[in-house]
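K.L.:
To start, I am sharing the structure in question, which I have written as structure tokens.
Protein chains: 2
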Amino acid sequence: MTTETAPAAGPATTAPAAPVWSTDPRTGERRAQVAVEARPSDVDRAVRAAAGAAHALADRPRRAALLRAAADHLEGAADEVIAAADAESALGAPRLAGELARTTYQLREFAAIVEEGGYLDVVIDHADPALGRPDLRRIRTGLGVVAVFAASNFPLAFSVPGGDTASALAAGCPVVVKAHPDHPATAELCTRLLRAAAASAGLPEDVVSLVHGFDAGLALVRHALTAAVGFTGSVRGGRALHDIAAARPRPIPFHGELGSLNPVVVTPAAAAGRAAEIGAGLAASFTLGNGQFCVKPGLVLTPAAGTGAGELEKAVVEAAGRAPAAPLLDSRMRVAFLSGVRERAALAGVEELLAAAEEPTATAPLAVRPGVLAVPAALLAADGPHALLLEECFGPVTVLARYRDQAELAAVLARLDGNLTATVQFAADERGEDAAALLRGLVPLAGRIVVDGWPTGVAVAPAMHHGGPYPASTSTSTSVGAGAIARWLRPVSYQAVPQELLPAELHDDNPLGVPRRVDGHPQPGRSR
Amino acid sequence: MTTETAPAAGPATTAPAAPVWSTDPRTGERRAQVAVEARPSDVDRAVRAAAGAAHALADRPRRAALLRAAADHLEGAADEVIAAADAESALGAPRLAGELARTTYQLREFAAIVEEGGYLDVVIDHADPALGRPDLRRIRTGLGVVAVFAASNFPLAFSVPGGDTASALAAGCPVVVKAHPDHPATAELCTRLLRAAAASAGLPEDVVSLVHGFDAGLALVRHALTAAVGFTGSVRGGRALHDIAAARPRPIPFHGELGSLNPVVVTPAAAAGRAAEIGAGLAASFTLGNGQFCVKPGLVLTPAAGTGAGELEKAVVEAAGRAPAAPLLDSRMRVAFLSGVRERAALAGVEELLAAAEEPTATAPLAVRPGVLAVPAALLAADGPHALLLEECFGPVTVLARYRDQAELAAVLARLDGNLTATVQFAADERGEDAAALLRGLVPLAGRIVVDGWPTGVAVAPAMHHGGPYPASTSTSTSVGAGAIARWLRPVSYQAVPQELLPAELHDDNPLGVPRRVDGHPQPGRSR
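So the sequences go chain by chain: A and B. Everything in the first sequence is counted per full-length UniProt numbering, starting at 1 for the first residue and increasing by one. Everything in the second sequence is counted per full-length UniProt numbering, starting at 1 for the first residue and increasing by one.
Written out as structure tokens, the structure reads:
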């Protein structure tokens, strides 16, 4: 590649690398030093080693074995993994056990996907002399080294052993993970387990490696051999990395999930019929995981008046008020949450129905309790300081925007950026054109439309799409489910290539039994 | 969208807009003024009108009718269209008749694709209470207004009525085309025909519109309502637009095809066995369309010595020397071609086997004849001025890089950027591991691997991939074939949405007969 060079290794120095500490989010106290930050030379070494391991990953059965071994190794060390993640995230053992189960499920699902081969999207068109068409055979190939940025709020399922890593390995792409600073010890432990899994599958350990440190993340995105990036995190951080990826001499795909308000619309009829149920459901959804899910409903458009309007608000506040105080993922987020709520509550016209605040508990001096704000929707319909209420505030808080009529509702929706989800609470008899039009109006705003439910709880299912217009995502891809593998692949066509020189998946006799489309006709593969 | 505003309409002015001239590439003389450049307010008007027409395009049968009507209207005006394109491109009536046929074929293919509905990629997972899974149904939806930049070298098939426009309309996206300055009259004519086709299909004419002018192109990419860009052109121009698209407050997908060297490797055994055939084939390929195809073979790695080496070079030069002189697409390209060849020929160690030069003909005073350069491959294996030979030189010239051994061959391949294609000429008995390894080594360099053929002549077939690593493409998409529609779509999932409120394609009884995957099982659609 003539247009790029690897980052310089930096001046030779004997200064020690910066230490990386594991911190207890319940107390804010340092637990232990678990690593050092990667210097540019370390990042360079990790990426080159990963690139060197790519050839071995081309073997599909071995990749599947790696993914299954990774799940096995994580389960074998489940107690240790869950304890490490809980110590650094305060998410609690039950949630983390569930997250580990999701993580191993994803790894095994991708193993099955790799073996089945449908993701290769094989198309074969035999030569057609009448049309002057040569023999053409298309398959997908991995892009190369994938940089994965671990997410704060999923120390397992969206971190070292998470969906980005699983899908990239499934695609045949070696992975270098940038650890999230909130859980470096968990990251180190999971990396050791994944590398051991690689060795057990007869693959080089360097198919997965780990770097720590902000600057290491930048160097990783800039590295000439990095071929794509997966990111889950803040709009500010994600946008900065997106811009670096786009400005490289050779730009690379940046699949980022940056931020989402996840608006909810409650129709007057829904409020009239199900106020208590909706209020309780909303409280459960926005306080789940202490409000630290990317699909937390952060803005709820509710009727300003009419039957149920007051009851709904009362139900939200009561249920949220009963939610136990809990720590946030780190002290920085705690400060941002508390100041973010304060700043929003201080806006003219905003009522604080339930005051988010510090609430130290015996085990978690840094715990907080949730908050509920309310504001006239009309204040959100124009430029001005109230636009802040249309930005995500990470943590257990939601904003009720009271609309007086459909025009106010529409005016607020027109001001929203892209979202992962948009939700409507209808009454049981709202099934006509007005309801359909409301849903159609939400489609440009979101990647998932939810009716009469809540956006939290992202099912891992083939029909799931987890992504949405910017800033929800920086691409049109999904980061959850089988489709996530497509982010790390590109098509290659083979023209008039003799059988002996084709990848086996493209041979006429289909020795590997992958599903294919041949001369326009789908051919099922060997079933899994 | 709170973070963006439409471009300002600019200061009120009475200064006339800049004229847009149609120019004869055979003589360099102005033919007529055919339009004026679009001012920012004109671009704003065009994009808003397009956005306003999006709702009407949501009707799939009507979209299919539009695409068929477009093909019909183009055919109905074929003589006029071909004459207009020839007058502005000098590509000749036979080639342009073929290009028109390809264009109408594409339009009708996309009509069939829209009707069949497989591109919607519908997946339905019914609720699974045991797994706690809600009902989920996924479909694809159009992104919004697509900006299409017309290509110089395909005044029809990659311009106003070309593949980008056809695929975007098929996806339900209105299109604003930025005309190529080489063929403004053709662009105006084709836009009139497409708008008439829209009207005949009962759609607003604004589903397609046209703007002229460099600044209009920039404004188009920057417009808040522009949702994606399709571009075919130079690395410099495409990269500038790519960077603008990425730097927007809300970045948008930029599907650009920028440049490709299209390397060819001739093995020693191939040269020994088929020197004359390979030489003649190469000459035909690099002079086809006067060397103005994006898949022109621009670098040919040939054995420096051994049986056939000299004969191959002689055959290329003889055949290329017999190719008729012809004009290039415009005067700027002519100057760039001639100076590009001169600059390359002047490099130390470069031999000019056939001198590209001006060669006025009776009908085309600006015609040029093709050139062939040769250079020791070793000179391309290191940084330095010879890196110029690894950059595309648009027009009828190719560079033979003479390699003495496999190490030199590998060293040159290691320095190549991404390409649309990579080609190998083998001997009939080269089917072993060395040959397979050579092909494997080319996969990271290209989107299409060709054996014993030539990269020119891009078949429109399901297995075709037209794209490649940067700078061949700025994304992993294809711009030719059915897959091109995916560039303008994003998935949306519907969660627990009642039947009555779902798009018809997602109803349980599948009233529109689209192919779907339901609870893991593929369901064929109604056949076309």
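Where a beta carbon is used, it is the ideal one built from N, C-alpha and C, also for glycine.
Going by other Cβ atoms of all chains shown within 10 Å of its Cβ, with 16 needed for buried, is residue 183/B buried or exposed?
P.N.:
Under this definition residue 183/B is a buried residue.
K.L.:
So with Cβ pairs under 9 Å, would you call residue 403/A a contact of chain B?
P.N.:
Answer no: the Cβ-Cβ gap between residue 403/A and chain B never drops below 9 Å.
K.L.:
Mind checking if residue 132/B is an interface residue toward chain A, Cβ cutoff 9 Å exclusive?
P.N.:
Residue 132/B counts as touching chain A.
K.L.:
For the region 285-352 of chain B, list the alpha helix (DSSP H) runs that are entirely contained and at least 4 residues long, ordered along the chain.
P.N.:
Listed in chain order, the complete alpha helix (DSSP H) runs (minimum 4 residues) inside the region 285-352 of chain B are 309-322, 331-345.
K.L.:
Using a C-beta cutoff of 9 Å, does residue 18/B count as contacting chain A?
P.N.:
Taking Cβ atoms only, chain A never reaches closer than 9 Å to residue 18/B, which makes this a no.
K.L.:
Note down the Cα distance separating residue 106/B from residue 169/B, rounded to an integer number of angstroms.
P.N.:
Computed Cα separation, rounded: 12 Å.
K.L.:
Which same chain residues end up closer than 7 Å to residue 505/A when comparing Cβ atoms and leaving out the 5 residues on each side of it in sequence?
P.N.:
Answer for residue 505/A: 117, 120, 122, 139, 512, 514, listed in chain order.
K.L.:
Measure how close the beta-carbons of residue 259/A and residue 337/A come, nearest whole angstrom, since I'm counting them as under 8 Å.
P.N.:
Not a contact, Cβ separation roughly 14 Å.
K.L.:
Quick check: is the beta carbon of residue 137/A nearer than 9 Å to any beta carbon in chain B?
P.N.:
At least one chain B Cβ lies under 9 Å of residue 137/A.
K.L.:
Fully enclosed by the region 34-91 of chain A, which alpha helix (DSSP H) runs are 4 residues long or longer?
P.N.:
Correct list: 40-57, 60-76, 78-89.
K.L.:
Quick one: what's residue 22/B bridged to in DSSP?
P.N.:
Answer is 32/B.
K.L.:
Would DSSP call residue 252/B helix, strand or coil?
P.N.:
Residue 252/B: coil per DSSP, three-state reduction.
K.L.:
Mapping the DSSP letters down to three states, classify residue 470/A as helix, strand or coil.
P.N.:
Residue state, collapsed to three classes: coil.
K.L.:
Could one say the Cβ of residue 490/A lies closer than 9 Å to chain B's Cβ atoms, at least one of them?
P.N.:
Residue 490/A counts as touching chain B.
K.L.:
Cβ closer than 9 Å: which chain B residues qualify as neighbours of residue 479/A?
P.N.:
Residues of chain B passing the Cβ test: none, with the nearest at roughly 12 Å.
K.L.:
By the DSSP assignment, the beta strand (DSSP E) with residue 371/B in it spans what residues?
P.N.:
Note, residue 371/B: beta strand (DSSP E), 371-376.
K.L.:
What does residue 474/A touch in chain B if you count any residue whose Cβ is under 9 Å from its own?
P.N.:
In chain order: 251.
K.L.:
What three-state label does DSSP hand residue 195/A in the structure shown?
P.N.:
DSSP places residue 195/A in helix when its eight states are reduced to three.
K.L.:
For residue 449/B, return the contacting residues in chain A, with the cut-off set at a CB-CB distance below 8 Å.
P.N.:
Neighbours of residue 449/B on chain A, chain order: 492, 493, 494, 495, 497.
K.L.:
How about residue 60/A: is its C-beta nearer than 9 Å to some C-beta of chain B?
P.N.:
Judged by the 9 Å Cβ criterion, residue 60/A is not in contact with chain B.
K.L.:
Identify whether residue 361/B lies in helix, strand or coil by the three-state DSSP scheme.
P.N.:
The answer is coil: DSSP assigns residue 361/B none of H, G, I, E or B.
K.L.:
Between which two residues does the alpha helix (DSSP H) carrying residue 114/A extend?
P.N.:
Residue 114/A -> alpha helix (DSSP H) spans 93-116.
K.L.:
Taking 9 Å as the threshold (C-beta atoms), are residue 300/B and residue 401/B in contact?
P.N.:
Yes, the Cβ-Cβ distance between residue 401/B and residue 300/B is below 9 Å.
K.L.:
To the nearest angstrom, report how far apart residue 603/B and residue 272/B are at their CA atoms.
P.N.:
No information on residue 603/B is available, as it lies outside the stretch 1 to 528 that chain B covers here.
K.L.:
If contact means a Cβ-Cβ distance below 9 Å, which residues of the region 105-117 of chain A contact chain B?
P.N.:
Cβ contacts with chain B come from no residue of the region 105-117 of chain A.
K.L.:
On the DSSP letters alone, give me the boundaries of the beta strand (DSSP E) that residue 147/A sits inside.
P.N.:
Residues 145-149.
K.L.:
Please check if any C-beta of chain A sits within less than 9 Å of the C-beta of residue 214/B.
P.N.:
It does not; no Cβ of chain A falls within 9 Å.
K.L.:
Looking only at its chain, what residues have a beta carbon closer than 6 Å to the beta carbon of residue 165/B, apart from the 5 residues adjacent to it on each side?
P.N.:
Excluding positions up to five away in sequence, the list reads 148, 175.
K.L.:
Whose C-alpha, out of 359/B, 378/B, 462/B, is nearest the C-alpha of residue 125/A?
P.N.:
Measuring from the Cα of residue 125/A, the nearest candidate turns out to be 462/B.
K.L.:
So is residue 12/B buried or exposed if we call it buried at 16+ other beta carbons inside 10 Å?
P.N.:
Because the pLDDT at residue 12/B is just 48, under 50, the model does not fix this residue reliably, and the point stays unresolved.
K.L.:
Mind listing the chain B neighbours of residue 420/A? Cutoff is C-beta to C-beta under 7 Å, in chain order.
P.N.:
Under the 7 Å cutoff, chain B gives no residues; its nearest Cβ is about 10 Å from residue 420/A.
K.L.:
Which residues in chain A have a C-beta closer than 8 Å to the C-beta of residue 141/B? List them in chain order.
P.N.:
Correct list: 443.
K.L.:
Do the region 265-280 of chain A and the region 241-248 of chain A touch if we need at least three Cβ pairs shorter than 8 Å?
P.N.:
Output reads no: the region 241-248 of chain A does not touch the region 265-280 of chain A.
K.L.:
Taking Cβ positions only, does residue 123/B come closer than 9 Å to chain A?
P.N.:
So, interface residue.
K.L.:
Taking residue 445/A as the reference, which of 410/A, 459/A, 276/A has the closest Cα?
P.N.:
Among 410/A, 459/A, 276/A, the Cα nearest to that of residue 445/A belongs to 410/A.
K.L.:
Please go through the same chain and pick out, in chain order, the residues whose beta-carbon is closer than 7 Å to the beta-carbon of residue 341/A, but skip the five residues on each side of it.
P.N.:
For residue 341/A, where only same-chain residues beyond five positions count, the Cβ hits under 7 Å are 356, 371, 393, 397.
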